[in-house]
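For the sequence shown, counting from 1, position 221 maps to 477 in the numbering used here; every step adds exactly one.
C-beta atoms are modelled at their ideal positions from N, C-alpha and C, and glycine is treated no differently.
First comes the structure, then the notes that go with it.
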Amino acid sequence: MFSVGLLASLFCLVVIHARSTSAQCWSKNACIATSVCSAKGGTSKAGLCPGPTQIQCCSCSTCMDVKTCSAKGGKSQPGICPGPSNVQCCKLGSGKPKPVNTMLTNLAAILRRAGLRVLEQPGWKTRGHGKMASVKSILIHHTAGPSKGEYPSLGVVRDGRKDLPGPLAQLGLGRSGTWYVIAAGRCYHAGKTINDSIFGNSNSIGIEAEGTGTPSDNTGHRYWPPVQWNSYVRGVKALQAAYGVPTARVLGHKEAAVPKGRKVDPNFSMTEFRAALR
Ligand SMILES: [Zn+2]
């Protein structure tokens, strides 16, 4: 056993030595300009590539499947990861500070900056069932409220029902496309979800758009006033940009709620809604 072990360690020494004398970049395609490498989220290493000094060996420490990257809120960058083409360098984070254990007191400003009409409800900045743990997702709801009026569900969304104290959502959306900023803290809108650490009340912004919810056919958005639907898209886009929420984490309540079928809102197509966010 001893002699085998000795031989093995000698062999290792030889291999290490051989490597150090002919150091090369892991792929000749990864020999790229340092500026390009850093823009992709990679790290450059000098001395491993032929050519001018700014051409260096680029490698990535966050190689992963593009879908996994998107779910984490990152942007996939091709060309600097080994393996199949779906494995790419995941550039995480936009550099913006993410909300952690805080009240979302910038909601009104975010929507206004997007050119939307915003009505702040008195006391919204301190309203909520405690603080938000984070903002990892946005849940799309409809109120299933009265068939007429701009935002007749305001009182219910703000103050709650007999069985569920308000606020029931941070944001409301009226039939005119006007946004109602109701609460900055945690709201009871999600219930049990497919993953509460992402879509639960502590981690998800809830938007209750005024709508009867009928017919509940899950196709298109033809039962919604265009001005309201367009405002829904613009507002969600603005919130996504502000909080770094990927489109894959903008779900309809009907998609996030468990058990499946517990919720039917919204009654427009979420596939179409998400396509409009891109
Ligand atoms: Zn809902």
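Annotation for D452 indicates a beta carbon at 7 angstroms or more from all heavy atoms of ligand 1.
For C287, the CB contacts under 8 angstroms within the same chain, skipping 5 residues up- and downstream, are C281, L304, C305, P306, G307, I311, Q312, C313, C314 in chain order. A contact between stretches requires three or more CB pairs, one per stretch, nearer than 8 angstroms, and the stretch 358-367 fails this requirement with the stretch 403-420. G500 sits away from K301, with the two beta carbons spaced by 8 angstroms or more.
Taking C-alpha positions only, S291 is separated from P334 by approximately 15 angstroms. Applying a distance threshold of 5 angstroms between residue Cβ atoms and the heavy atoms of ligand 1 selects H397, H509, D521, given in chain order.
In the three-state scheme derived from DSSP, where H, G and I count as helix and E and B as strand, R490 is classed as helix. Here K347 carries a strand assignment [DSSP, helix/strand/coil]. In this structure, the alpha-carbon of G297 lies about 43 angstroms from that of P378. In the DSSP assignment, T358 forms a beta bridge with M388. Cα atoms of N457 and T449: separation of roughly 9 angstroms, rounded to the nearest angstrom. Around L420, the same chain offers Y444 as residues with beta carbons nearer than 6 angstroms, after the five sequence neighbours per side are excluded.
Within the same chain, and ignoring the five residues on either side of K493 in sequence, the residues whose Cβ sits closer than 6 angstroms to its Cβ are L533. Take I396, set aside five residues on each side of it, and the residues of its chain with a beta-carbon closer than 8 angstroms to its own are I463, A465, Y488, V492, V506, L507, G508, H509, D521, P522, M526, F529, in chain order. Assigned with DSSP and collapsed to three states, Q426 falls in coil, not helix or strand.
The DSSP-derived three-state label of I336 is coil. Apart from sequence neighbours up to five positions away, the residues of its chain that approach N459 with a beta-carbon distance below 6 angstroms are A389, S390, K392, ordered along the chain. L375: member of the beta strand (DSSP E) spanning 374-376, first to last residue. Under the DSSP definition of a beta bridge, Y436 partners with L375, G428. Sequence-distant Cβ neighbours of A289 in its own chain, meaning closer than 7 angstroms and more than five residues away, are Q310, I311. The three-state secondary structure of S458, taken from DSSP, is coil. The beta carbon of Y407 lies closer than 7 angstroms to those of G428, G430, Y436, E466 in the same chain, with the five residues before and after it left out. Cβ atoms of A498 and I366 come within 8 angstroms of each other, at about 5 angstroms. D521 sits in coil when the DSSP states are folded into three classes, being neither helix nor strand. For G411, the enclosing alpha helix (DSSP H) starts and ends at 410-415.
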